[in-house]
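Participant: Heads up: the sequence shown at position 120 corresponds to 119 in numbering that gives the first Met the number 0, and the numbers run straight through without jumps. Think of the CB as a built atom: it goes at the ideal place given N, C-alpha and C, for glycine as much as any other residue. Keep in mind the model is a prediction, meaning the values are calculated, not measured.
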Amino acid sequence: MDADASAPVIRRRRPKDRKAQILTAAAEAFSARGYHAVGIDDIAATLDISGPALYRHFPTKYALFVHTVMRLSGMLLAATALEDLPLDDPRKRLDAVMTAIIETTIDNRRTGGLYRWEGRYLAPEDRIELREAVSVLNGRVRAPLMQLRPELSEADASTIAAAAISVVASITAHRSVLSAKNIETLLLTTAQNVLSSDLPEEDEAQLRPAAVLESGSKREVLLHESILLFYRNGYHNVSIEDIGAAAGINASSVYRHFAGKADLLAAAFHRAGERLAEALDEALRQSQTPEEAIETLVYLYVELSFVRSELMAVYFSEIGNLPPEQRSTLRNIQRLNIDTWAQLISDARPELGAVQARFLVHAALGLVFDLGRLVHFDLAPGPAGRVRKLMVRTLLGP
């Protein structure tokens, strides 16, 4: 008789929390590399299971993606329900809601920004569901805020609440290191500063729209059209044929000017980097103090973000789609830009360390884009001035 015949068969048991493990692994992968760049087999490999085993839990990659996005918003809604808090103590309730948002975001920092960028790949009905969840979250901040500040209109309270939530969400967009306790303290103080902001009257001068390319080199036209397409459809949903058609040429002619789609994306990043560097140089040249430099830089940055919203959106959302060697170079340019802002903050607020200053810079930059999307980057008088006020409050405090 074969000695192995009587040996017990060892079967690997499926963990009871396998579905939760899959959702966490998927959220981390989608956050790090984007929806289109991640395959089911990539996610399965991180858990040491097969693709077919993963499909037993989720029938498609999209179904898994929807679950990851909705799971994150569900965590925030569950954390902020706070039904045991008295409704007649708005200060206590507001601080408790913001603390819950902060703690949940810190716990999910590696995945918490998924809905900010990748949510555009949701189907229309799922996008509506996500928007409704975000609206509920905003309402949980807005309601006690309006009790504390009855002079605010519902629209203004909603804007301020969105800004405070954006400050917290910003930590998902970078990897600067502080202890969880220090992050919580910094974010809560900054959010409180934002929540106490007074919004300016709508008397700002109207921003001028970006110049339309009536003529110019074919290279510039291609770059302009590719930025618009990357913004509207996402990098992976745009082809060279699409870019050529938008520019009025065939696909083969695109290659006379750019080596490929990744080369166009890299050119967009360099263009955004140039515009940001120009804004920094101008702010430093015009200002006598760090505070003056920050306020000037805020003015120029908001103008750039509203007038060139497509370019700036691509700059913040598509870096993961660059080839590794270009990604490293461009990330270094982004870091240098952030560090220059952070040095100004440290000079203006010596009580803050360099890392804390970087956190505030990321919070302020994210706030501009999040609020800009809410107002559709409206160039009319008013919206940009309000975003500037909230941005300055985030950076310089009361």
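How do the region 89-109 and the region 155-170 stand: do at least 3 beta-carbon pairs fall below 8 Å, yes or no?
Facilitator: Taking 8 Å as the limit for Cβ pairs, the verdict is that the region 155-170 does touch the region 89-109.
Participant: From which residue to which residue does the alpha helix (DSSP H) around N336 run?
Facilitator: As a position in the sequence shown, residue 336 is number 337, starting the count at 1. It spans P323 to A347 - the alpha helix (DSSP H) in which N336 sits, taken as one unbroken run.
Participant: Which of the three DSSP states is assigned to D155 in this structure?
Facilitator: The residue you call residue 155 lines up with position 156 of the sequence shown. D155 falls in the helix class under three-state DSSP.
Participant: Just checking my contact of Y254 with E317 at CB under 8 Å: how many whole Å lie between their CB atoms?
Facilitator: Residue numbering aside, residue 254 sits at position 255 when the sequence shown is read from its first letter. Residue numbering aside, residue 317 sits at position 318 when the sequence shown is read from its first letter. Not confirmed; about 21 Å, so no contact.
Participant: When you measure from the CB of P323 to every non-hydrogen atom of the ligand GDP, does any distance come out below 7 Å?
Facilitator: Here there are no bound small molecules, and the ligand GDP is not part of this structure.
Participant: Just the C-alpha distance for R348 and L395, rounded to the nearest angstrom, thanks.
Facilitator: Indexing the sequence shown from 1 puts residue 348 at position 349. Indexing the sequence shown from 1 puts residue 395 at position 396. Rounded to whole angstroms, R348 to L395 spans 7 Å at the Cα level.
Participant: Quick one: Cα of I332 to Cα of R139, how far?
Facilitator: For the purposes of this step, residue 332 is taken as the residue at position 333 of the sequence shown. For the purposes of this step, residue 139 is taken as the residue at position 140 of the sequence shown. Distance between the alpha carbons of I332 and R139: 38 Å.
Participant: Using 8 Å as the threshold, is the region 120-137 in touch with the region 62-76, meaning 3 or more CB pairs across them?
Facilitator: Taking 8 Å as the limit for Cβ pairs, the verdict is that the region 62-76 does touch the region 120-137.
Participant: Where does F376 fall in DSSP's three states?
Facilitator: Start at 1 with the first residue of the sequence shown, and residue 376 comes out as number 377. The answer is coil: DSSP assigns F376 none of H, G, I, E or B.
Participant: Mind checking whether A362 and T339 have CB atoms under 8 Å apart?
Facilitator: What you label residue 362 is simply residue 363 of the sequence shown in a count that begins at 1. What you label residue 339 is simply residue 340 of the sequence shown in a count that begins at 1. In this structure, T339 does not lie closer than 8 Å to A362 by Cβ.
Participant: Grouping DSSP H, G and I as helix and E and B as strand, with all else coil, what is H223?
Facilitator: The residue you call residue 223 lines up with position 224 of the sequence shown. Three-state result, H223: helix.
Participant: Does the Cβ of V96 have 16 or more other Cβ atoms within 10 Å, making it buried, or fewer, making it exposed?
Facilitator: For the purposes of this step, residue 96 is identified with residue 97 of the sequence shown, where counting begins at 1. The residue is buried, with at least 16 neighbouring Cβ atoms inside 10 Å.
Participant: Three-state secondary structure (DSSP) at T79?
Facilitator: What you label residue 79 is simply residue 80 of the sequence shown in a count that begins at 1. The answer is coil: DSSP assigns T79 none of H, G, I, E or B.
Participant: Which first and last residues belong to the alpha helix (DSSP H) in which D40 is found?
Facilitator: Here residue 40 refers to the residue found at position 41 of the sequence shown. Residues I39 to T45.
Participant: Distance check for H375 and I412, CA to CA, integer angstroms please.
Facilitator: This structure leaves residue 412 out entirely; the chain is present only between 0 and 397.
Participant: Report buried or exposed for N137, applying the criterion of at least 16 other Cβ atoms within 10 angstroms of its Cβ.
Facilitator: For the purposes of this step, residue 137 is identified with residue 138 of the sequence shown, where counting begins at 1. Under this definition N137 is a buried residue.
Participant: Take the Cβ of A265 as the centre, count every other Cβ of all protein chains shown within 10 Å, and call the residue buried at 16 or more, exposed below.
Facilitator: Along the sequence shown, one-based indexing puts residue 265 at 266. Classification of A265: buried, given that the 10 Å Cβ count is 16 or more.
Participant: Taking only three categories from DSSP, how would you classify N192?
Facilitator: In the sequence shown, the residue the question calls residue 192 occupies position 193. If DSSP states are grouped into helix, strand and coil, N192 belongs with the helices.
Participant: So which of S286, E277 and S225 has the shortest CA-CA distance to F257?
Facilitator: In the sequence shown, counting from the first residue as 1, residue 257 sits at position 258. Ranking the options by Cα distance to F257, first place goes to S225.
Participant: Should L335 be labelled buried (16 or more other beta-carbon atoms within 10 Å of its own) or exposed?
Facilitator: Within the sequence shown, the letter at position 336 stands for residue 335. Exposed: under 16 other Cβ atoms inside 10 Å.
Participant: For R372 versus V297, is the C-beta distance shorter than 8 Å?
Facilitator: On the sequence shown, position 373 is the one that residue 372 refers to. On the sequence shown, position 298 is the one that residue 297 refers to. For R372 and V297, no; Cβs fall outside 8 Å.
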